[in-house]
Amino acid sequence: MIFDFLNDLNPAQYEAVTHPDGAQLVIAGAGSGKTRVLTYKIAYLLANGVSASNILALTFTNKAAREMKSRIESLVGNDTARYLWMGTFHSICARILRTEANKLDFGRDFTIYDTTDTKSVVKAIVKEKQLDDKQYKSSTVLNRISWAKNNMYDPQSYCSNKKIWDYDRSCGILALGEIYVEYQKRLRQANAMDFDDLLFYVNILLNTNEEFRNRYQGLFQYILVDEYQDTNFVQYQIVKSLALPQNNICVVGDDAQSIYSFRGADIQNILNFQSDYSDSQLYKLERNYRSTQNIVDAANSVIKKNIGQIPKDVYSEKEQGDKIKVISLSTDREEASFVATDIRSQKKDYDFNYEDIAILYRTNAQSRVLEDEMRKQAIPYRIYGGLSFYQRKEIKDALAYIRLIINPQDEEALLRIINVPKRGIGDSTIDKIQQYAHENLQNMYDLLAAPLDHGISLSAATAKRVTSFYNLIENMREQIEKLDAYGMMELVLKNSGLLAEALMEKNAEGTDRYQNLDELRNSVREFTETQIQDGAEFVTIQSFLSEVALLTDLDQKEDPTEKKITLMTIHSAKGLEFPIVYIVGLEDNLFPSAMADLENNIEEERRLFYVAITRAMNKCIITYAKSRFKNGQVNFAIPSRFLNDIDQKYVEKTTANSKNTIETNQWGRFERNNDVGKTVFRTQTNLKKLSTTQTPRTDIESPFPINSRVQHSVFGAGTVLAAYRENENDKIEIQFDQVGKKTLLLRFVKLTQITI
DNA sequence: TATCCGGGGTTTTTT
DNA sequence: ACCCCGGATA
Numbered sequence: 006m007i008f009d010f011l012n013d014l015n016p017a018q019y020e021a022v023t024h025p026d027g028a029q030l031v032i033a034g035a036g037s038g039k040t041r042v043l044t045y046k047i048a049y050l051l052a053n054g055v056s057a058s059n060i061l062a063l064t065f066t067n068k069a070a071r072e073m074k075s076r077i078e079s080l081v082g083n084d085t086a087r088y089l090w091m092g093t094f095h096s097i098c099a100r101i102l103r104t105e106a107n108k109l110d111f112g113r114d115f116t117i118y119d120t121t122d123t124k125s126v127v128k129a130i131v132k133e134k135q136l137d138d139k140q141y142k143s144s145t146v147l148n149r150i151s152w153a154k155n156n157m158y159d160p161q162s163y164c165s166n167k168k169i170w171d172y173d174r175s176c177g178i179l180a181l182g183e184i185y186v187e188y189q190k191r192l193r194q195a196n197a198m199d200f201d202d203l204l205f206y207v208n209i210l211l212n213t214n215e216e217f218r219n220r221y222q223g224l225f226q227y228i229l230v231d232e233y234q235d236t237n238f239v240q241y242q243i244v245k246s247l248a249l250p251q252n253n254i255c256v257v258g259d260d261a262q263s264i265y266s267f268r269g270a271d272i273q274n275i276l277n278f279q280s281d282y283s284d285s286q287l288y289k290l291e292r293n294y295r296s297t298q299n300i301v302d303a304a305n306s307v308i309k310k311n312i313g314q315i316p317k318d319v320y321s322e323k324e325q326g327d328k329i330k331v332i333s334l335s336t337d338r339e340e341a342s343f344v345a346t347d348i349r350s351q352k353k354d355y356d357f358n359y360e361d362i363a364i365l366y367r368t369n370a371q372s373r374v375l376e377d378e379m380r381k382q383a384i385p386y387r388i389y390g391g392l393s394f395y396q397r398k399e400i401k402d403a404l405a406y407i408r409l410i411i412n413p414q415d416e417e418a419l420l421r422i423i424n425v426p427k428r429g430i431g432d433s434t435i436d437k438i439q440q441y442a443h444e445n446l447q448n449m450y451d452l453l454a455a456p457l458d459h460g461i462s463l464s465a466a467t468a469k470r471v472t473s474f475y476n477l478i479e480n481m482r483e484q485i486e487k488l489d490a491y492g493m494m495e496l497v498l499k500n501s502g503l504l505a506e507a508l509m510e511k512n513a514e515g516t517d518r519y520q521n522l523d524e525l526r527n528s529v530r531e532f533t534e535t536q537i538q539d540g541a542e543f544v545t546i547q548s549f550l551s552e553v554a555l556l557t558d559l560d561q562k563e564d565p566t567e568k569k570i571t572l573m574t575i576h577s578a579k580g581l582e583f584p585i586v587y588i589v590g591l592e593d594n595l596f597p598s599a600m601a602d603l604e605n606n607i608e609e610e611r612r613l614f615y616v617a618i619t620r621a622m623n624k625c626i627i628t629y630a631k632s633r634f635k636n637g638q639v640n641f642a643i644p645s646r647f648l649n650d651i652d653q654k655y656v657e658k659t660t661a662n663s664k665n666t667i668e669t670n671q672w673g674r675f676e677r678n679n680d681v682g683k684t685v686f687r688t689q690t691n692l693k694k695l696s697t698t699q700t701p702r703t704d705i706e707s708p709f710p711i712n713s714r715v716q717h718s719v720f721g722a723g724t725v726l727a728a729y730r731e732n733e734n735d736k737i738e739i740q741f742d743q744v745g746k747k748t749l750l751l752r753f754v755k756l757t758q759i760t761i
């Protein structure tokens with residue numbers, strides 16, 4: 006019987022899966038089988054004769070899409086799942102735009118600019134407009150532009166909007182509109198889109214192009230959206246528009262797990278779903294199949310502290326399980342070493358495997374210490390986020406060659422590789438050509454053929470080098486129709502000289518780079534083979550590149566034979582589960598983040614904590630450190646307020662060494678009971694050369710009297726020469742005499758007394 | 001043109 | 001501790 010698989014579902018899941026046509030909201034508590042419902046629902050539609058190509062399923066990661074597809078294939082017993090439109094918003098939009106690019110006056114081989122590219126565009130604009138790059142930091146500008154696009158403001162409407170103008174004025178960034186205009190112009194000239202453009206343009210087409218709208222509304226008869234609580238305004242609009250007119254739309258999510266507001270996600274989308282679709286049906290999945298009762302109950306007690314959610318009652322019928330362990334350590338190093346040691350004992354005493362274990366943290370920066378410690382204790386680990394494979398320099402270089410070959414207008418790619426490997430084309434040469442190109446509205450690439458013909462003043466030797474770079478690229482361009490993706494990648498690696506360069510370097514770094522390039526080559530081959538298996542006749546390098554641009558390292562294939570623990574941020578852990586989860590760094594100003602002390606952000610941080618706890622199936626171990634090395638100096642921390650949010654009856658507290666108290670007096674000396682008498686100073690900023698114009702003051706209260714001798718943990722002894730007070734910030738600067746070879750200025754912060 | 005040095009600034013989370 | 005940039009130097 007083809008509907009046999011429905012027997013796998015519990016009653017609530019069954020109802021959701023077999024919901025008839027129309028709008029449907031599935032509120033799925035953590036671990037309640039959300040993915041299962043989506044998967045089975047699609048299988049159910051297929052079994053009912055709906056054609057795969059008429060189903061659009063939007064997932065949060067590409068990996069989730071892949072896994073779901075293969076699961077569906079095994080449920081329905083054939084490979085029709087291949088024709089599903091399934092992927093992230095970004096990859097689906099990219100796919101649509103490849104075929105519709107001409108409607109927007111883009112070429113179909115447009116490049117997708119990543120953050121590095123967009124940053125560099127913004128920097129160039131700010132520089133050319135002679136704006137202050139402190140005020141107009143590329144990250145600030147890009148955040149703002151991203152916000153604008155996510156809210157469907159094009160450059161014109163951005164500039165003419167009074168509210169936006171007021172806001173930008175209050176931030177002292179009034180030129181933003183102007184930058185946005187120029188930015189968008191540049192991207193267009195480069196035949197490039199950024200991440201936000203992919204969504205933005207699809208929505209533009211839906212709003213303005215009737216033929217387009219009819220085509221895709223007709224194509225997507227059924228729409229399913231995973232993680233709906235993390236959709237932003239554009240995504241909301243796209244879904245809303247595509248679902249018309251029949252509104253066969255099924256959204257799945259959990260408002261308690263909304264953690265992406267920083268990129269525009271609006272929790273209201275899920276809260277308002279029922280009023281947006283008046284005849285929608287609500288389903289709730291409340292039974293958690295993942296975690297023990299203790300974990301579920303503890304997580305519930307945390308999330309209860311938030312107000313304004315869809316009421317639900319998540320419960321587990323698994324065993325009670327261990328209590329959540331909360332462990333206090335004195336430094337971040339000790340925290341890492343505790344975790345490593347504990348992992349080894351879990352593995353030995355309880356027979357867990359490495360792949361059962363994850364360490365989750367709030368910020369990527371925390372991974373460093375953990376990594377060191379894992380290596381020290383010989384624990385195999387896999388780290389996600391941070392510098393991913395496709396972010397590495399050599400990989401980006403190789404891909405930039407491909408980008409330029411495919412899209413000669415791609416100026417960022419050109420700038421990246423014109424002198425990589427070194428071929429004697431320096432900054433001033435590049436500047437001249439670029440300037441000429443911009444002034445005369447020409448493509449930089451076209452000028453390279455014969456720069457002297459355009460009157461660009463270069464020495465004959467330099468011009469020759471430029472032309473030969475042009476010929477290098479042109480020669481490869483000629484092969485693009487003939488060679489498949491793998492062939493092209495081989496050609497690029499060889500002809501560009503990147504492989505040779507890595508090989509020449511006879512150090513560890515060089516071999517590393519060589520291996521990475523080799524891995525890139527392998528991944529192209531793998532890609533090519535998979536596509537052939539899926540029925541493609543000829544796999545182009547274009548298809549590889551467009552895939553890769555939207556890949557995250559979460560999407561990387563993992564080798565199942567390699568058993569490793571997982572290190573990742575809580576954000577990337579969303580949707581995953583592990584038998585044992587360590588959550589580290591539960592300190593105020595870290596988790597919750599220092600950026601989030603405003604009342605409306607604290608709830609999102611708390612949801613993040615909820616997400617972290619609910620990743621755990623059997624054991625959840627939480628740690629915090631009393632001091633942490635950050636930005637080159639020791640910072641003292643107090644335990645996260647979230648620790649108090651957990652109902653203590655689910656918690657077992659351990660202090661690694663409970664006698665270890667730290668007290669600081671208001672000037673940042675602190676004394677430990679085990680080394681009383683030693684005075685350690687907390688410095689707030691880095692040491693810097695004395696360059697102050699301030700006049701020393703003698704009238705202020707200072708723990709360091711003039712001419713007294715002090716001992717610094719790193720810089721040794723010094724004499725206090727002067728003290729300053731910096732406005733009302735309770736900061737005091739002290740000038741030491743020759744420490745090492747330099748006169749140093751230290752800055753101290755007045756601490757409020759803390760006791761841990 | 002390439003490389004080296006030093007100063008200054010810096011940190012949330014990601015497609 | 002780290003990265004990025006600019007200026008000086010080879």
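To get this note's numbering, take the position in the first sequence, counting from 1, and add 5.
All C-beta atoms, glycine included, are put in the ideal place defined by N, C-alpha and C.
Residue i vs residue j beta-carbon contact at 9 Å
i	j	result
Lys309	Ile32	no
Arg191	Ile130	yes
Arg397	Asn512	no
Ile209	Asp271	no
Asn117	Val146	Note that residue 117 is Ile in the sequence shown here, rather than Asn. Cβ distance not < 9 Å, so Ile117 and Val146 don't count as in contact.
Ile618	Val307	yes
Asn59	Leu224	yes
Leu11	Val22	yes
Thr104	Tyr386	no
Asp26	Ala303	no
Simplified DSSP state of residue i, which is helix, strand or coil
i	result
Glu510	coil
Asn156	coil
Phe474	helix
Glu4	The structure shown has nothing for residue 4, since the chain only spans 6 to 761.
Ile315	coil
Gln29	strand
Lys108	helix
Lys631	strand
Asn521	helix
Gln135	coil
Glu592	strand
Arg140	Residue 140 is actually Gln in this sequence, not Arg. Note: Gln140 maps to coil in three-state DSSP.
Phe720	Below a pLDDT of 50, predicted positions are generally treated as unreliable, and Phe720, at 48, falls in that range; no measurement from the model is reported.
Gln538	helix
Lys310	coil
Spatial distance of residue i from residue j (CA atoms)
i	j	result
Gln251	Val55	15 Å
Asp201	Phe614	28 Å
Glu486	Gln536	17 Å
Leu276	Gln18	21 Å
Leu525	Leu409	17 Å
Asn358	Ile169	53 Å
Lys654	Ile388	33 Å
Ala62	Ala69	11 Å
Asp13	Gly38	11 Å
Nearest-angstrom beta carbon gap, residue j and residue i [assumed within contact, 8 Å]
i	j	result
Val230	Val244	6 Å
Ala418	Asp377	Going by Cβ atoms, the distance from Ala418 to Asp377 rounds to 35 Å, so no, they are not a contact pair.
Q) Is the stretch 331–342 touching the stretch 71–79 in the sense that three or more CB pairs, one from each, lie closer than 8 Å? A) no
Q) Does the stretch 206–217 come close enough to the stretch 41–58 to have 3 or more Cβ pairs within less than 8 Å? A) no
Q. So, do the stretch 579–599 and the stretch 394–409 have three or more beta carbon pairs nearer to each other than 8 Å?
A. no
Q. So, do the stretch 618–635 and the stretch 577–587 have three or more beta carbon pairs nearer to each other than 8 Å?
A. yes
Q: Inspect the CB distances between the stretch 638–650 and the stretch 340–347 and report whether three or more fall short of 8 Å.
A: no
(Q) Is it the case that the stretch 446–465 contacts the stretch 405–420, given that we only count it when at least three CB pairs across the two stretches are under 8 Å? (A) yes
Q: Decide if the stretch 490–500 is in contact with the stretch 538–553; the criterion is three or more beta carbon pairs, one per stretch, under 8 Å apart.
A: yes
Q: Count the C-beta pairs between the stretch 174–181 and the stretch 132–140 that are closer than 8 Å, then say yes if the count reaches three, no if not.
A: yes
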